[in-house]
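**Q** Using this note's numbering, read the sequence shown as starting at -2 and increasing by one per residue.
Glycine residues also receive a C-beta, built at the ideal position from the N, C-alpha and C atoms.
Predicted, not measured: the structure shown is a model, and the values here were computed from it.
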Amino acid sequence: MKHDILDIAKRRGFFWPSFEIYGGASGFYTYGPLGALLKLRIENVMRDYFMIKENCLLIEAPVLTTGDPWVASGHVENFTDMTIECQKCGEAYRADHLVEEKTSKSTDGLSLPEIQKLIRKNKIKCPKCSGVLGSVYDYNLMFKTFIGPGKNKVTSYLRPETAQTTYMPFKRLYEIGRKQIPLGVIQFGRSFRNEISPRKGLVRLREFSQAEVQFFIDPKEKNKHPKFNLVKNLKFSVLTKNDQKGKILKINDLVKKNLTNEWIAYFLARSMQLFEGVGIDKKKLTCRQHKDEERSFYSSDTWDIEFLSDNFGRIELVGIADRTDYDLKRHMELSKKDMKINLNGKKFIPNIIEVAYGIDRPLFCVLESCLKKDKDRVYFSFPPEIAPYQAAVFPLVRKDGLPGKAKEVYEMLRDEGFYVLYDEGFIGRAYYRQDEAGTIYCVTYDYDSLKDKAVTIRFRDNKKQVRVKIKDLAGILKKLMNRQIVFEKAGKLVK
Ligand SMILES: [Zn+2]
-2 MKHDILDIAK
8 RRGFFWPSFE
18 IYGGASGFYT
28 YGPLGALLKL
38 RIENVMRDYF
48 MIKENCLLIE
58 APVLTTGDPW
68 VASGHVENFT
78 DMTIECQKCG
88 EAYRADHLVE
98 EKTSKSTDGL
108 SLPEIQKLIR
118 KNKIKCPKCS
128 GVLGSVYDYN
138 LMFKTFIGPG
148 KNKVTSYLRP
158 ETAQTTYMPF
168 KRLYEIGRKQ
178 IPLGVIQFGR
188 SFRNEISPRK
198 GLVRLREFSQ
208 AEVQFFIDPK
218 EKNKHPKFNL
228 VKNLKFSVLT
238 KNDQKGKILK
248 INDLVKKNLT
258 NEWIAYFLAR
268 SMQLFEGVGI
278 DKKKLTCRQH
288 KDEERSFYSS
298 DTWDIEFLSD
308 NFGRIELVGI
318 ADRTDYDLKR
328 HMELSKKDMK
338 INLNGKKFIP
348 NIIEVAYGID
358 RPLFCVLESC
368 LKKDKDRVYF
378 SFPPEIAPYQ
388 AAVFPLVRKD
398 GLPGKAKEVY
408 EMLRDEGFYV
418 LYDEGFIGRA
428 YYRQDEAGTI
438 YCVTYDYDSL
448 KDKAVTIRFR
458 DNKKQVRVKI
468 KDLAGILKKL
478 MNRQIVFEKA
488 GKLVK
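1) Hey, quick one: how far does the beta strand (DSSP E) through Gln84 stretch, first residue to last?
2) Should Lys120 be listed as close to ligand 1, given that the test is whether its C-beta is under 8 Å from any heavy atom?
3) Between the alpha carbons of Phe185 and Leu490, how many angstroms are there, rounded?
4) Am I right that Gly24 and Arg201 are in contact with their C-beta atoms under 8 Å? What's the rounded C-beta distance?
5) Measuring from each Cβ to the nearest heavy atom of ligand 1, keep the ones under 6 Å and list them in chain order.
6) Starting from Ser70 and walking both ways along the alpha helix (DSSP H), at which residues does that stretch end?
7) In whole angstroms, give me the CA-to-CA distance for Lys122 and Gly131.
8) Leu199 to Arg38, Cα distance in whole Å?
9) Out of His94, Leu360 and Lys114, which one is the CA nearest neighbour of Asp105?
10) Of the choices Gly422, Asn339 and Asp432, whose alpha-carbon is the least far from that of Phe379?
11) Using DSSP's beta-bridge definition, name the partner residues of Asp78.
12) What separation, rounded to the nearest whole angstrom, lies between the Cα atoms of Val465 and Gly276?
13) Given that a residue counts as buried once 16 or more other Cβ atoms are within 10 Å of its Cβ, and exposed if not, what is Leu115?
14) Beta-carbon within less than 6 Å of Asp298's beta-carbon, same chain only, minus the 5 sequence neighbours each way: which residues are those?
15) For the putative contact between Thr62 and Ser153, defined by C-beta atoms under 8 Å, what is the C-beta separation to the nearest angstrom?
16) As a quick exercise: from Arg374, Gly274, Asp469 and Asp45, pick the residue whose alpha carbon is nearest that of Arg426.
17) Can you pull the DSSP bridge partners for Ala208?
18) Can you give the beta carbon distance from Phe304 to Leu282, rounded, assuming they're within the 8 Å contact cut?
19) In angstroms with no decimal places, state the Cα-to-Cα distance between Cys362 and Ser306.
20) With DSSP as the reference, identify every bridge partner of Arg285, one or two as the case may be.
21) Quick one: Cα of Asp289 to Cα of Ile49, how far?
22) Assuming Ile383 and Leu31 are in contact, meaning their beta carbons sit under 8 Å apart, how far apart are those beta carbons, in whole angstroms?
23) Beta-carbon within less than 8 Å of Lys232's beta-carbon, same chain only, minus the 5 sequence neighbours each way: which residues are those?
24) Since Leu107 is in the alpha helix (DSSP H), which residue starts that stretch and which ends it?
25) Rounded to whole angstroms, what's the CA-CA distance from Cys83 to Ala89? Just pull it up for me.
26) Just verifying my parser: in three-state terms, what is the DSSP assignment at Phe294?
27) Could you tell me if Thr159 is buried or exposed, where buried requires 16 or more neighbouring beta carbons within 10 angstroms of its beta carbon?
28) Return the residue from the list Cys439, Pro195, Val452 and Leu227 that minimises the CA-CA distance to Asp78.
29) Taking the beta carbon of Tyr28 as the centre, do at least 16 other beta carbons fall within 10 Å, making it buried, or is it exposed?
30) Can the beta-carbon of Arg190 be found less than 9 Å from the beta-carbon of Val60?
31) Quick one: what's got a C-beta closer than 7 Å to Tyr509's C-beta in the same chain, skipping five residues either side?
32) CB-CB under 7 Å to Asp1, same chain, minus the five flanking residues each way: which ones, in chain order?
33) Just to confirm, does Lys476 get its C-beta within under 8 Å of one of the non-hydrogen atoms of ligand 2?
34) Who are the near neighbours of Phe309 in its chain, counting only those whose CB is closer than 7 Å to its CB and skipping five residues on each side?
35) Going by C-alpha to C-alpha distance, which of Asp412, Asp250, Ile214 and Leu55 sits closest to Asn226?
36) Is the Cβ-Cβ distance between Leu526 and Pro381 less than 9 Å?
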């Protein structure tokens, strides 16, 4: 649902523009109490999946890095956007985007002089003030700073991706991983891109969170993923580089038709499942292969999973790329440190399959997918794995000792390890607040509770209510969240 999300997000405390008391800065958002919890839970789902199911190692590197890694990776030279500034008002724009907006044609693969020519030919002016535009130039998206003072200060950058900070210590990780490949390494953390004029909320940030997974593999084994059989019959909506209209294809067909390798196909399927598991609407997800002219220079094959958003159009949630031996080779050339491994008598540089998730974008898509509207309320239908708060407790009225008793129930649930809120006031409003927070169960202590030692649980998604004994409450909530029982059978249904 359009726009509602931004409104609820600010009001309920999912996220809001950073530095807002000073007027803000585009591309920066602060996660509030609900959003920060939601983000943590989404990250936990990913961490558990890759560490437990895919046996990955977890690392954490600095976000501020010296310059050398980015010379090796090509970012110093190539991580640029074609930029153009208005001579009159000074506003800066992506030159290729201005051309695309004017001509409705793709500019993928066009060079800087070609874009410059199209700007002149189409007489493109400043969209804001109609002023004359200057010359197109390459603008590097990395934030640059210095480590230390004085003459010996070191030029450094805020990392534009976590990937290189995982590649640099490859040999050490290989030793720690007992010299085995495939070797999977996951890193969560912030990355930075000094975007020209980000105006898409959480979808285009200058500081953002990533979960990037790097698999170091034998280049001869790209079509031998050990668990490929588990996903090969799954079907998804797919756009290939030669067919950007799309159709439903079996994962196995991608490999059989030589559209990609087993490693990429496997993680396309797993990523689709992960996104669905955190509540993203699978009908809006598509696997899309990059066309040759849009693919990054370091990759031989790249796929994205895209979400079709009501608010922002197509949003890329994960990039899955065959980065070949490009990165390790470049680090070997520049650092002069050997990146080859010796496996059964043959020496080679491993290839890298990268599975690079954003966190902020999937979080936004979770909000968009889970936002539901009834005739008298809106609510987020977060799955139990990611709902910020699992339960809320309130007294039916604010008198006759009910608040004190309700607080006892609340404290008991906290002792049992639940994320639970206490609320009081008009019960209808309390429900409304919890629905907007996506809290799954609302527990009410009423006058009957004084006698029957039971409370009413109300389920967010269908507003049905069951009555359960207070002593059974924690156990029943746990079973509900683990999907061991259905709500209607969790207690005596209240008519
Ligand atoms: Zn202007």
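**A** Taking the definition as stated:
1) From DSSP, Gln84 is part of no beta strand (DSSP E); its letter is neither H nor E.
2) Relative to ligand 1, Lys120 has its C-beta separated by 8 Å or more from all heavy atoms.
3) Leu490 has its alpha-carbon roughly 44 Å from the corresponding atom of Phe185.
4) Under the criterion of beta carbons closer than 8 Å, Gly24 and Arg201 qualify as touching, at roughly 7 Å.
5) Ordered along the chain, the selected set is Cys83, Lys85, Cys86, Glu88, Cys123, Lys125, Cys126 and Gly128.
6) Asp65 to Ser70 is the span of the alpha helix (DSSP H), which, as asked, contains Ser70.
7) Rounded to whole angstroms, Lys122 to Gly131 spans 10 Å at the Cα level.
8) When rounded, the distance between both Cα atoms is 17 Å.
9) The option with the nearest alpha carbon to Asp105 is His94.
10) Ranking the options by Cα distance to Phe379, first place goes to Asp432.
11) Per DSSP, the beta bridge partners of Asp78 are Tyr136.
12) The straight-line gap from Cα to Cα measures roughly 28 Å.
13) Result: buried.
14) Once the five neighbours on either side are set aside, the close Cβ partners of Asp298 are Thr257 and Asp319.
15) Cβ-Cβ separation between Thr62 and Ser153: approximately 6 Å, consistent with a contact (criterion under 8 Å).
16) Ranking Arg374, Gly274, Asp469 and Asp45 by Cα distance to Arg426 puts Arg374 first.
17) According to DSSP, Ala208 bridges with Phe185 and Tyr354.
18) With a Cβ gap of about 6 Å, Phe304 and Leu282 count as contacting.
19) Here the alpha carbons of Ser306 and Cys362 stand approximately 7 Å from one another.
20) Partner(s): Leu236 and Asp301.
21) Distance between the alpha carbons of Asp289 and Ile49 is about 35 Å.
22) No, Ile383 and Leu31 are not in contact; Cβ-Cβ is about 11 Å, not under 8 Å.
23) These residues qualify, in order along the chain: Ile245, Leu246, Lys247 and Ile248.
24) Counting along the chain, Leu107 falls outside any alpha helix (DSSP H), and DSSP gives it neither H nor E.
25) Our two residues, Cys83 and Ala89, have alpha carbons roughly 6 Å apart in a direct line.
26) Under the three-state reduction of DSSP, Phe294 is assigned to coil, being neither helix nor strand.
27) Buried is the label assigned to Thr159, since at least 16 other Cβ atoms lie within 10 Å of its Cβ.
28) Of the candidates Cys439, Pro195, Val452 and Leu227, the one whose C-alpha sits nearest the C-alpha of Asp78 is Pro195.
29) Residue burial is scored here from C-beta neighbours: Tyr28 has at least 16 other C-beta atoms within 10 angstroms and is therefore classed as buried.
30) Taking 9 Å as the Cβ cut-off, Arg190 and Val60 do not qualify as a contacting pair.
31) Beyond the ends of the chain as shown, which are -2 and 492, falls residue 509; an answer cannot be given.
32) Excluding sequence neighbours, Asp1 sits near Leu368 and Val375.
33) Only ligand 1 can be found as ligands here, which leaves ligand 2 out of the picture.
34) Counting only Cβ-Cβ distances below 7 Å, and skipping sequence neighbours, we find Lys197 and Val200.
35) Selected option, being the one with the closest Cα: Asp250.
36) This structure leaves residue 526 out entirely; the chain is present only between -2 and 492.
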